[in-house]
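Asks:
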Amino acid sequence: MKFSSKVTSITPSTTLAITAKAKELKAQGHDVIGLGAGEPDFNTPSYIIEASYKSMVEGHTKYTPAGGLPELKNVIIEKFKNDQHIEYSPEEIIVTNGAKHSLALLFQTILQEDDEVIIPSPYWVSYPEQVKIAGGKPVFVEGKEENEFKVTKEQLEKVVTNKTRALIVNSPSNPTGVMYEKDELKEIGQFCLDNDLLIVSDEIYEKLIYGGKNHISIAEVSEEIKNNTIIINGVSKSHSMTGWRIGYTAGHAEIIKKMTTLASHTTSNPAVMAQHGTIAAYQQEDGSVEKMRQSFEERLHKVLPELESIPGFKCVKPQGAFYLFPNVKEAVQTGGFASTDEWVTALLEEEKVAVVPGSGFGSPDNIRLSYATDLDSFLEAVNRIRQFVQRKSS
Ligand code: PMP
Ligand code: GLU
Numbered sequence: 004m005k006f007s008s009k010v011t012s013i014t015p016s017t018t019l020a021i022t023a024k025a026k027e028l029k030a031q032g033h034d035v036i037g038l039g040a041g042e043p044d045f046n047t048p049s050y051i052i053e054a055s056y057k058s059m060v061e062g063h064t065k066y067t068p069a070g071g072l073p074e075l076k077n078v079i080i081e082k083f084k085n086d087q088h089i090e091y092s093p094e095e096i097i098v099t100n101g102a103k104h105s106l107a108l109l110f111q112t113i114l115q116e117d118d119e120v121i122i123p124s125p126y127w128v129s130y131p132e133q134v135k136i137a138g139g140k141p142v143f144v145e146g147k148e149e150n151e152f153k154v155t156k157e158q159l160e161k162v163v164t165n166k167t168r169a170l171i172v173n174s175p176s177n178p179t180g181v182m183y184e185k186d187e188l189k190e191i192g193q194f195c196l197d198n199d200l201l202i203v204s205d206e207i208y209e210k211l212i213y214g215g216k217n218h219i220s221i222a223e224v225s226e227e228i229k230n231n232t233i234i235i236n237g238v239s240k241s242h243s244m245t246g247w248r249i250g251y252t253a254g255h256a257e258i259i260k261k262m263t264t265l266a267s268h269t270t271s272n273p274a275v276m277a278q279h280g281t282i283a284a285y286q287q288e289d290g291s292v293e294k295m296r297q298s299f300e301e302r303l304h305k306v307l308p309e310l311e312s313i314p315g316f317k318c319v320k321p322q323g324a325f326y327l328f329p330n331v332k333e334a335v336q337t338g339g340f341a342s343t344d345e346w347v348t349a350l351l352e353e354e355k356v357a358v359v360p361g362s363g364f365g366s367p368d369n370i371r372l373s374y375a376t377d378l379d380s381f382l383e384a385v386n387r388i389r390q391f392v393q394r395k396s397s
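Sequential numbering from 4 applies to the sequence shown in my numbering.
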């Protein structure tokens, strides 16, 4: 069988693979605790479900424009005005089948063969693969643990070439939960302007921020930077709507137009009932988003000290999202494992705890645990990990 170079150059999503493996073991009757999936454990708030149902009963069950319902675009424009204090017109917005789809359309729109995209590591698993699918080349810059996994202008200067087209910014970050400060965003934004790079700002964890901090979009730093930025966002994480598949992109009208053309020949519109649910999600907000955020913050306070108390685990404190990304190098070595991947496989087999190896995020000494799971299960998982580490090192 012959396959395209597009599919042979990419690997399956590690996050989705681990989640599927944990579900498979569970279905076989094993007592598995899955900390792999990056999705909130709450059901979608009922006002959203009810609004979506009502829209279908009222007859909204047909195609919409490929780039999304005009009413939804207006709601998204309002959201940007209120939350980021930035203005967009409907021509600068596209609604897609999840933020992942937004990113896929974007890279296929802006990249020519061999164009480079700078991806700070640790990175979300799909960025490099999506760049490759679009014919581009991912160029990694390592965010050092001692600098809270953040990259600096000096590091970026070393990798930029005349082929570099864009830089990805993901704040708060999956998998580290780390956030860039305003002055850091300003410096990165200026670097991109100086080097004529587009800024791809993935803001999907915007609503999940802790410690009283506020989200800052790189696009709100200055008008000039905004004009060079393409924002990716969606309701998957903020409104616990992962299965609804609604994301969106805001940016230059010409880019949005081309992305919409691509969507019109591939997916057409995102599901109409999910679009109506999203209109309600933003317009009829009933406090659910904040309640979920508070719940994640409470869990973070409880789970982080537990995790850090495992011998050989060191963890940078996250400021957002719902992941912990400890460095487990010492535990892996003391346990006699050749790699973190092997350690993770043994943990799943022996203790029935599913976590994601850091290799998928470009950081092979770390593992990612999602605390978007109930607290008791998380604490039980930590106990099992502790037992595993102690057993392997004795
Ligand atoms: N960006 C990041 C950083 C993510 O973690 C995810 C995972 N859900 C996505 C984008 C994609 O989100 P969606 O489910 O809306 O496709
Ligand atoms: N983004 C989530 C994660 O990192 C969901 C899985 C995926 O889409 O890769 O776990």
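For glycine and all other residues, C-beta sits at the position ideal for the given N, C-alpha and C.
Among the residues of its own chain, which have a CB less than 6 Å from the CB of Y91, if the five just before and after it don't count?
Replies: For the purposes of this step, residue 91 is taken as the residue at position 88 of the sequence shown. Correct list, in chain order: I80, F83 and A253.
Asks: Ignoring anything shorter than 3 residues or poking outside the region 36-112, list the beta strand (DSSP E) runs there in chain order.
Replies: If we require 3 residues or more, the beta strand (DSSP E) runs fully inside the region 36-112 come out as 96-99.
Asks: Helix, strand or coil: which one does DSSP assign to D379?
Replies: Taking the sequence shown and counting its residues from 1, the one referred to as residue 379 is at position 376. In this structure, D379 counts as helix in the three-state DSSP scheme.
Asks: For the putative contact between L19 and V358, defined by C-beta atoms under 8 Å, what is the C-beta separation to the nearest angstrom?
Replies: For the purposes of this step, residue 19 is taken as the residue at position 16 of the sequence shown. For the purposes of this step, residue 358 is taken as the residue at position 355 of the sequence shown. Their Cβ separation, rounded to whole angstroms, is 14 Å, which puts L19 and V358 out of contact at 8 Å.
Asks: N177 and A324 look like a contact to me (Cβ under 8 Å); what is the Cβ gap, rounded to whole Å?
Replies: Within the sequence shown, the letter at position 174 stands for residue 177. Within the sequence shown, the letter at position 321 stands for residue 324. Correct: roughly 6 Å between the Cβ atoms.
Asks: DSSP state of V144, grouped into three classes?
Replies: Position 141 of the sequence shown, counted from the first residue, corresponds to residue 144. It is a strand residue.
Asks: Just the Cα atoms here: how many angstroms apart are S342 and V392?
Replies: Indexing the sequence shown from 1 puts residue 342 at position 339. Indexing the sequence shown from 1 puts residue 392 at position 389. Taking the straight line from one Cα to the other gives about 14 Å.
Asks: For the alpha helix (DSSP H) holding Y213, just list the boundary residues, first then last.
Replies: Stepping through the sequence shown from its first residue, residue 213 is reached at position 210. It is not in any alpha helix (DSSP H) - Y213 carries neither H nor E in the DSSP assignment.
Asks: If I measure Cβ to Cβ from S291 and keep anything under 6 Å in the same chain, skipping five residues before and after, which residues do I get?
Replies: Looking up residue 291 in the sequence shown gives position 288. Within the same chain, S291 has close Cβ partners P48.
Asks: At a cut-off of 7 Å, would you count W247 as near ligand 2, judging by its Cβ distance to the nearest heavy atom?
Replies: In the sequence shown, residue 247 corresponds to position 244, counting from 1. Checking the Cβ of W247 against ligand 2 gives no.
Asks: Using the Cβ count rule (16 or more neighbours within 10 Å means buried), how would you classify Y251?
Replies: In the sequence shown, counting from the first residue as 1, residue 251 sits at position 248. Looking at its Cβ environment, which holds 16 or more other Cβ atoms inside 10 Å, Y251 is buried.
Asks: Give the list of continuous alpha helix (DSSP H) stretches no shorter than 4 residues that lie fully inside the region 223-290.
Replies: Fully enclosed alpha helix (DSSP H) runs of 4 or longer: 226-230, 256-269 and 275-286.
Asks: For a quick check, are the C-beta atoms of M244 and I97 less than 8 Å apart?
Replies: Residue 244 sits at position 241 when you count from the first residue of the sequence shown. Residue 97 sits at position 94 when you count from the first residue of the sequence shown. It is not a contact, given that the beta carbons lie outside the stated cut-off.
Asks: Under 7 Å Cβ to Cβ from L188, same chain only, skipping five residues before and after it: list those, please.
Replies: Residue mapping note: residue 188 aligns to position 185 of the sequence shown, counting from 1. Cβ within range, chain order: I219, I221 and V224.
Asks: Between which two residues does the alpha helix (DSSP H) harbouring F186 extend?
Replies: Within the sequence shown, residue 186 is the residue found at index 183, counting from 1. The sequence given here places Asp at residue 186; Phe does not occur at that position. Residues K185 to D197.
Asks: Starting from the C-beta of I370, find all residues in its chain whose C-beta is less than 7 Å away, skip the five residues before and the five after it, and write them out in chain order.
Replies: By one-based count along the sequence shown, residue 370 stands at place 367. Answer for I370: P329, V331, T343, V347, V358, V359, P360 and G361, listed in chain order.
Asks: For A23, which three-state DSSP category applies?
Replies: For the purposes of this step, residue 23 is taken as the residue at position 20 of the sequence shown. In the structure shown, A23 sits in a helix (DSSP, three-state: H, G or I).
Asks: Can you give me the start and stop residues for the alpha helix (DSSP H) that L201 sits inside?
Replies: Position 198 of the sequence shown, counted from the start, is the residue given in the question as residue 201. That residue, L201, is in no alpha helix (DSSP H); its beta strand (DSSP E) goes L201 to D205.
Asks: How about L170 and I207: are their beta carbons less than 8 Å apart?
Replies: Position 167 of the sequence shown, counting from 1, holds the residue named residue 170. Position 204 of the sequence shown, counting from 1, holds the residue named residue 207. No, Cβ-Cβ distance for L170 and I207 is not below 8 Å.
Asks: Please classify N330: does DSSP put it in a helix, a strand, or coil?
Replies: On the sequence shown, residue 330 is found 327 positions in, with the first residue counted as 1. The answer is strand: DSSP assigns N330 an E or B state.
Asks: What are the boundary residues of the alpha helix (DSSP H) that includes P123?
Replies: Mapped onto the sequence shown, residue 123 falls at position 120. No alpha helix (DSSP H) holds P123; the beta strand (DSSP E) holding it covers E119 to S124.
Asks: I'd like to know whether the C-beta atoms of G180 and Y326 end up nearer to each other than 8 Å.
Replies: For the purposes of this step, residue 180 is taken as residue 177 along the sequence shown, with counting starting at 1. For the purposes of this step, residue 326 is taken as residue 323 along the sequence shown, with counting starting at 1. Going by C-beta atoms, G180 is nearer than 8 Å to Y326.
Asks: When every heavy atom of ligand 1 is checked, does at least one fall within less than 7 Å of the C-beta of A102?
Replies: To locate residue 102, count along the sequence shown from 1; it is residue 99. For ligand 1, at least one heavy atom lies less than 7 Å from the Cβ of A102.
Asks: Closer than 8 Å is the cut-off here; do at least three beta carbon pairs connect the region 100-119 with the region 222-242?
Replies: Touching, per the Cβ criterion.
Asks: Could you tell me which residues DSSP puts in a beta bridge with N173?
Replies: Taking the sequence shown and counting its residues from 1, the one referred to as residue 173 is at position 170. In the DSSP output, where bridge partners are listed per residue, N173 has D205.
Asks: What's the gap between the Cα of Y75 and the Cα of E309?
Replies: The count along the sequence shown starts at 1 and reaches residue 75 at position 72. The count along the sequence shown starts at 1 and reaches residue 309 at position 306. Residue identity differs from the one stated: residue 75 is Leu in this sequence, not Tyr. Answer to the nearest angstrom: the Cα atoms are 42 Å apart.
Asks: Evaluate T67 with the Cβ neighbour count: other Cβ atoms within 10 Å of its Cβ, from every protein chain shown; 16 or more gives buried, anything less gives exposed.
Replies: One-based indexing of the sequence shown puts residue 67 at position 64. Looking at its Cβ environment, which holds 16 or more other Cβ atoms inside 10 Å, T67 is buried.
Asks: Mind checking which residues open and close the alpha helix (DSSP H) that includes S129?
Replies: If you number the sequence shown from 1, residue 129 lands on position 126. Unbroken alpha helix (DSSP H) run through S129: S129 to I136.
Asks: Does the beta carbon of V128 fall short of 7 Å from some heavy atom of ligand 2?
Replies: Looking up residue 128 in the sequence shown gives position 125. V128: yes, Cβ under 7 Å from ligand 2.
Asks: Along the beta strand (DSSP E) that carries L372, what are the first and last residues, could you check?
Replies: Position 369 of the sequence shown, counted from the start, is the residue given in the question as residue 372. It spans I370 to S373 - the beta strand (DSSP E) in which L372 sits, taken as one unbroken run.
Asks: For A357, which residues does DSSP report across the bridge?
Replies: Within the sequence shown, numbered from 1, the residue matching residue 357 stands at position 354. In DSSP, A357 forms a bridge with G37.
Asks: Between the C-alpha atoms of E345 and D368, what's the straight-line distance to the nearest angstrom?
Replies: For the purposes of this step, residue 345 is taken as residue 342 along the sequence shown, with counting starting at 1. For the purposes of this step, residue 368 is taken as residue 365 along the sequence shown, with counting starting at 1. Their backbone Cα atoms lie some 12 Å apart in a straight line.
Asks: When you measure from the CB of S239 to every non-hydrogen atom of ligand 1, does any distance come out below 7 Å?
Replies: In the sequence shown, residue 239 corresponds to position 236, counting from 1. Yes, the Cβ of S239 comes within 7 Å of a heavy atom of ligand 1.
Asks: Note down the Cα distance separating P321 from K135, rounded to an integer number of angstroms.
Replies: As a working note, residue 321 is residue 318 in the sequence shown. As a working note, residue 135 is residue 132 in the sequence shown. When rounded, the distance between both Cα atoms is 29 Å.
Asks: Let's test the definition: count the other Cβ atoms within 10 Å of the Cβ of T22 and tell me whether it reaches 16, buried, or not, exposed.
Replies: Counted from its first residue, the sequence shown places residue 22 at position 19. That one is buried.
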